[in-house]
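Chains as they are written, first to last, in my numbering: chain A, 17 to 604; chain B, 17 to 604. Even for Gly, the Cβ is constructed at its ideal location relative to N, Cα and C.
Number of protein chains: 2
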Amino acid sequence: MPRLSPDRLKTVFPVLDWGRSYDRAQFTGDMTAAVIVTIMLIPQSLAYALLAGLPAEVGLYASILPLVFYAIFGTSRALAVGPVAVVSLMTASALAPLGLDSLAEYTAAAAVLALLSGLVLLAMGILRLGVVANFLSHPVIAGFITASGILIASSQMKHILGVKAHGHTLPQILGSIWEQLPHTNWPTLIIGLIALAFLFWVRKGMAGVLKSRFGMSAQAASTTARVGPVFAVIGTTVAAWALDLPGAGVSVVGTVPTGLPPLGLPAIDFGMITVLIGPAILISIIGYVESVSVAQTLAAKRKQRIEPNQELIALGASNISSGLSGGYPVTGGFARSVVNFDAGAETPAAGAFTAVGLLLAALMLTPLLYFLPKATLAATIIVAVLSLVDLSILTRAWSYSKADFAAVLATIVLTLGIGVEVGVATGVLVSLALFVWKTSRPHVAEVGQVPGSQHFRNIHRHQVITEPTILTLRIDESLYFANARRMEDLIQARVHKGRDQLKHVILMCSAVNEVDLSALESLEAINQRLSDQGVKLHLSEVKGPVMDRLKGSHFLHDLTGQVFLSQYDAFVTLRQAEQEADTGKSAA
Amino acid sequence: MPRLSPDRLKTVFPVLDWGRSYDRAQFTGDMTAAVIVTIMLIPQSLAYALLAGLPAEVGLYASILPLVFYAIFGTSRALAVGPVAVVSLMTASALAPLGLDSLAEYTAAAAVLALLSGLVLLAMGILRLGVVANFLSHPVIAGFITASGILIASSQMKHILGVKAHGHTLPQILGSIWEQLPHTNWPTLIIGLIALAFLFWVRKGMAGVLKSRFGMSAQAASTTARVGPVFAVIGTTVAAWALDLPGAGVSVVGTVPTGLPPLGLPAIDFGMITVLIGPAILISIIGYVESVSVAQTLAAKRKQRIEPNQELIALGASNISSGLSGGYPVTGGFARSVVNFDAGAETPAAGAFTAVGLLLAALMLTPLLYFLPKATLAATIIVAVLSLVDLSILTRAWSYSKADFAAVLATIVLTLGIGVEVGVATGVLVSLALFVWKTSRPHVAEVGQVPGSQHFRNIHRHQVITEPTILTLRIDESLYFANARRMEDLIQARVHKGRDQLKHVILMCSAVNEVDLSALESLEAINQRLSDQGVKLHLSEVKGPVMDRLKGSHFLHDLTGQVFLSQYDAFVTLRQAEQEADTGKSAA
């Protein structure tokens with residue numbers, strides 16, 4: 017076993033780094049941030065638990081230990097970990113196929129999902145597989161988040177209308193709500209619409225009013241606006257109690273058990289694991305991507321650094337702790353992290369203090385939540401997720417590249433129409449397939465010398481110097497099996513195109529980053545065929561790593577021409593040789 | 017509907033091209049070739065039918081109409097279409113999951129498979145999807161053919177031993193034969209070993225003896241050796257009849273129905289199609305690759321051209337005709353096409369004449385096949401397929417590239433261990449995954465000016481000129497989602513590495529063949545981050561197609577530096593600017 021040096025320990029436990037120099041100023045910043053984030057998180061965590069189909073208290077449980085464990089292992093100073101909208105949606109979608117009727121079993125399965133997701137993240141971190149997340153392209157993520165936002169907002173419509181509806185795809189959800197529309201509960205709808213209107217105003221107009229009417233600073237106004245949803249919670253709860261709205265058919269949160277989160281391993285059976293492991297992997301990757309991009313954005317603002325593989329370990333530990341304390345999958349959330357950062361969090365201790373705040377809430381506030389209408393929580397979710405919906409990615413992708421557009425369109429349509437897992441997986445596969453397809457049909461340019469320079473460019477785009485005895489083709493792709501045969505045909509076709517004086521073909525390899533075994537055989541075939549036609553094959557600007565590989569084969573030995581360091585060398589040398597040959601002929 | 021011009025008609029029916037100028041010399045050549053190929057094909061087609069688990073006559077049927085249809089639609093002058101070893105193995109493997117007990121049903125299913133495969137090929141030809149075959153890399157094909165050869169040879173061992181054995185994977189086959197070893201039928205083994213020894217001698221020594229002892233020309237000797245297997249057929253058949261070997265437990269072909277192939281649609285049911293369509297696609301692609309590479313090899317020798325998409329149509333028509341005439345999947349075979357070519361076939365008419373020969377055989381010779389021992393046919397197959405086995409692809413791939421080696425090893429191991437379909441599909445996926453993985457971890461070189469030239473190369477491989485104020489990075493890969501984030505980190509790391517005087521970063525884009533939307537956002541982030549550090553970002557040698565795309569975005573507008581046509585321009589311009597700035601400072 018390798019000795020654990022202090023530096024190595026600090027890498028695994030970043031808390032040992034910042035904890036050592038922790039001071040009063042940092043404590044004040046962290047404490048202020050923790051109070052604000054706690055107030056913000058209480059309604060949010062209840063709402064996201066509802067979205068995942070779980071009892072409200074599970075949202076609180078999932079916000080306590082994960083924050084503590086992230087504070088120990090995480091490398092971001094401001095990231096706040098807990099239930100988030102997209103992961104809650106994915107949790108609901110992952111648990112649906114289990115077909116569990118009892119809420120207790122469903123809750124236990126959510127904890128198992130968190131545990132699995134934590135183990136996946138931990139394994140990825142230990143194996144340093146953070147790069148896997150790079151295969152989620154930006155358009156796929158953007159499309160997925162947008163589609164998830166639409167799905168979530170529409171799934172919450174039932175709580176605003178006070179009806180029972182179901183479904184996991186947009187057509188199912190909308191169809192189900194449409195059918196139930198006649199059963200709308202009017203008091204619920206009124207509460208819901210008031211909450212929605214208030215929350216939209218909190219988001220858009222409140223900070224401005226606080227500044228202009230009450231003379232608050234911009235910072236204070238924006239922070240107060242962030243905790244605004246709490247006023248909606250208090251207002252509608254009081255209204256529901258005072259007006260006996262439950263008697264009028266308004267759904268409220270009801271009894272929320274008071275006490276500490278239940279600690280211990282949830283009931284696990286093997287069949288459940290085989291169903292959940294796929295979704296757990298997807299939740300891990302999506303959660304990781306979301307969390308790391310938030311962490312990186314915030315770190316860049318203070319010139320701090322994030323260690324991606326350590327983040328995997330931290331998120332892994334957070335999810336495992338969530339699974340062991342009656343929670344469900346968690347990750348770093350955007351809104352709460354920004355609030356934490358803006359409110360002055362200096363170190364991960366802010367997260368630990370927030371955890372204490374939420375623990376107190378779980379111990380003492382839950383009786384007060386009895387009359388909280390579910391419509392208010394739904395309104396909180398709708399307002400939060402509508403900011404995720406950004407269909408402009410479609411127009412941006414369309415105008416930039418049709419391949420990116422295809423990937424984002426496939427992701428959005430399939431996420432809405434079939435489900436989150438199929439949507440994101442198809443997006444990744446479509447992106448990869450289009451990339452491979454493009455590399456299988458490479459661009460090949462005939463190039464000539466840019467006058468007065470040693471630089472060679474496309475004869476169709478630039479005024480360049482060429483020679484009738486020399487054909488230079490710049491191959492704009494690595495040579496590998498998917499394009500090797502095509503390259504053979506293409507070179508053959510260009511050589512045939514009425515070039516009687518042709519003596520030399522130069523392949524300019526500045527863009528050839530690899531030559532695999534299939535392509536090597538194609539190069540050998542090209543060399544042979546050109547040789548049969550009395551034309552020599554040369555290479556120029558072959559890169560070091562490619563040249564190393566070619567040296568290990570017979571090809572360089574069989575090559576009829578030479579390998580030149582630069583295209584300019586090749587052009588000048590061959591032109592001179594041809595001129596000398598001509599002079600020799602006319603002198604003879 | 018587009019008018020069919022004579023040229024267009026000739027493209028679809030190449031027979032209209034060569035048929036018009038058909039003359040007596042061509043007829044003589046074609047006729048000679050047809051006689052030789054017919055003699056060679058009779059035992060071969062019976063043997064391959066046996067390999068596919070079909071009655072012997074199905075092999076003959078599959079050799080008649082397909083030859084005629086290929087003669088009408090094909091573009092190769094010498095390709096001979098019919099049952100081949102690998103496709104016969106794949107047919108057996110495709111039909112096994114149907115679990116058919118009756119031989120009649122099994123034979124009908126083989127015809128359905130041919131029909132499906134024909135339709136797939138036809139569709140690929142019409143949609144011009146011949147390029148799909150390029151995704152089968154050379155190492156994957158080589159590995160697959162080698163593994164198939166081993167599987168086929170071991171599956172035929174049971175006929176040589178005269179035992180009943182089963183299985184579709186190498187461990188199953190060998191295990192089954194090992195169990196049955198005590199039941200070896202000695203007369204069968206003796207016949208089998210004699211046939212094997214004779215056939216090996218025919219292949220290796222016969223031509224030499226015919227030349228030296230009998231004074232034959234090299235051409236005549238090698239052609240006679242090609243029809244050598246017929247002597248084994250005749251010899252062992254006579255021996256089986258004279259010695260009453262069936263009475264001693266030697267399996268013989270038995271009654272082969274005499275007459276024309278049955279014409280008409282085989283019995284098709286939908287459930288069968290869903291099982292067979294996947295294997296049909298794989299058989300189509302493998303058959304097409306095998307056929308086209310044979311056709312191209314032969315065409316190159318006579319400077320003729322093959323039209324790949326028309327070949328798909330011709331093979332499609334051949335397979336459909338095979339399915340409609342009681343046959344099974346066919347493709348262009350290597351050995352028979354070479355014999356056809358060597359024996360002087362001038363046009364596809366040779367194939368049509370061969371078809372007539374085989375038709376006559378089906379009408380008249382079948383009673384003579386009663387006493388033909390199955391051991392002889394198995395020996396024919398074993399000798400034929402052992403020439404396909406070439407394990408040297410493993411060592412060649414290992415010494416050239418570990419990625420190619422991984423693909424070929426996966427293909428061989430899984431083809432032998434699980435089956436042909438899994439083997440070849442995994443080979444393709446492994447090849448693609450390794451390619452994508454490599455492009456996600458690109459090589460990035462810091463470059464400097466090669467003295468006395470305008471050429472820039474890796475500072476670690478060449479003696480080059482650099483400037484402390486300028487860092488030039490050559491990125492050896494297209495920029496896309498899988499490597500965009502990595503590139504951000506990498507550039508950041510290089511910039512950090514103790515460069516206090518750094519003012520300019522130049523990204524040399526000569527190897528960047530694409531910049532997708534994810535990479536564009538990474539470039540924007542890099543530009544922003546460098547700008548925060550007081551460093552300008554420049555690009556050089558951006559290719560036309562990439563530049564076109566960047567012009568459609570905001571990036572060029574936000575770029576802190578410039579885009580230079582050549583790296584030399586960039587280096588000279590920025591160095592001069594920095595020198596002027598320095599002179600200005602010291603003057604002030």
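Under 8 Å between C-beta atoms of residue i and residue j
i              : j              : result
A211 (chain A) : A395 (chain A) : yes
V31 (chain B)  : P278 (chain B) : no
S104 (chain B) : A68 (chain B)  : yes
I336 (chain B) : G134 (chain B) : yes
L553 (chain B) : L575 (chain B) : yes
P561 (chain B) : H459 (chain A) : yes
L518 (chain A) : T488 (chain A) : no
T370 (chain B) : V53 (chain B)  : yes
V436 (chain B) : M106 (chain B) : yes
I360 (chain B) : G45 (chain B)  : As written in the sequence, residue 360 (chain B) is Gly, which differs from the Ile given in the question. Yes, the pair counts as a contact, with Cβ atoms nearer than the cut-off.
Y77 (chain B)  : G280 (chain B) : no
I491 (chain A) : V551 (chain A) : no
V268 (chain B) : Y386 (chain B) : yes
Status (buried if at least 16 other CB within 10 Å, exposed otherwise) for residue i
i              : result
I142 (chain A) : exposed
M17 (chain B)  : Below a pLDDT of 50, predicted positions are generally treated as unreliable, and M17 (chain B), at 44, falls in that range; the measurement from the model is reported next regardless. Counting Cβ neighbours within 10 Å, M17 (chain B) comes out exposed, since fewer than 16 surround it.
S334 (chain A) : buried
D532 (chain B) : buried
V272 (chain A) : buried
V249 (chain B) : buried
I193 (chain A) : buried
T382 (chain A) : buried
K317 (chain B) : exposed
H471 (chain A) : buried
P282 (chain B) : buried
H512 (chain A) : exposed
S228 (chain B) : exposed
E596 (chain A) : exposed
Residues that residue i contacts on chain A, provided the C-beta gap is smaller than 7 Å
i              : result
A498 (chain B) : N150 and F151
V511 (chain B) : Within chain A, no residue comes near V511 (chain B); the closest Cβ sits about 13 Å away, beyond 7 Å.
H154 (chain B) : F497, L533, S534 and E537
Partner residues on chain B for residue i, Cβ-Cβ distance less than 7 Å
i              : result
L385 (chain A) : Within 7 Å Cβ-Cβ: nothing; L385 (chain A) doesn't reach chain B, min ~41 Å.
S447 (chain A) : F497
V551 (chain A) : Going along chain B, no residue has its Cβ under 7 Å from V551 (chain A), so there is no contact; the nearest lies around 15 Å.
Whole-angstrom C-beta distance between residue j and residue i, which should lie under 8 Å
i              : j              : result
V440 (chain A) : T455 (chain A) : Not confirmed; about 23 Å, so no contact.
G165 (chain A) : L404 (chain A) : 4 Å
T252 (chain B) : P71 (chain B)  : The Cβ separation is near 19 Å, so there is no contact.
I284 (chain A) : V128 (chain A) : 6 Å
V401 (chain A) : A169 (chain A) : 5 Å
S538 (chain B) : R501 (chain B) : 6 Å
D564 (chain A) : P155 (chain A) : At roughly 36 Å, the Cβ-Cβ gap does not stay under 8 Å, so D564 (chain A) and P155 (chain A) are not in contact.
Cross-chain neighbours of residue i in chain B, by beta carbon under 9 Å
i              : result
Q470 (chain A) : S469, Q470, H471, S582 and Y584
F614 (chain A) : Limits of chain A in this structure are 17 at one end and 604 at the other, which puts residue 614 (chain A) out of reach.
N474 (chain A) : K559 and G560
Residue-level contact to chain D via CB, residue i, 8 Å cutoff
i              : result
S569 (chain A) : No chain D appears in this structure, whose protein chains are A and B.
Contacts that residue i makes with chain A (C-beta to C-beta distance below 8 Å)
i              : result
R477 (chain B) : G560
- Message: Extract the residue ranges of the alpha helix (DSSP H) inside the region 341 to 407 of chain A, only unbroken runs of 4 or more that lie entirely within it.
- Response: Within the region 341 to 407 of chain A, the complete alpha helix (DSSP H) runs of at least 4 residues are 350 to 358, 365 to 380 and 390 to 402.
- Task: Only counting runs of 4 or more residues, tell me where the alpha helix (DSSP H) segments fall wholly within the region 449 to 536 of chain A, in order along the chain.
- Result: For secondary structure counted as the alpha helix (DSSP H) over 4 or more consecutive residues, the region 449 to 536 of chain A holds these complete runs in sequence order: 497 to 512.
- Query: Which residue spans inside the region 101 to 134 of chain B form an unbroken alpha helix (DSSP H) run of at least 4?
  - Reply: Counting whole runs of 4 or more residues, the region 101 to 134 of chain B contains the alpha helix (DSSP H) stretches 101 to 111.
- Item | Secondary structure, alpha helix (DSSP H): runs of 4+ residues fully inside the region 43 to 98 of chain A | If we require 4 residues or more, the alpha helix (DSSP H) runs fully inside the region 43 to 98 of chain A come out as 72 to 77 and 81 to 89.
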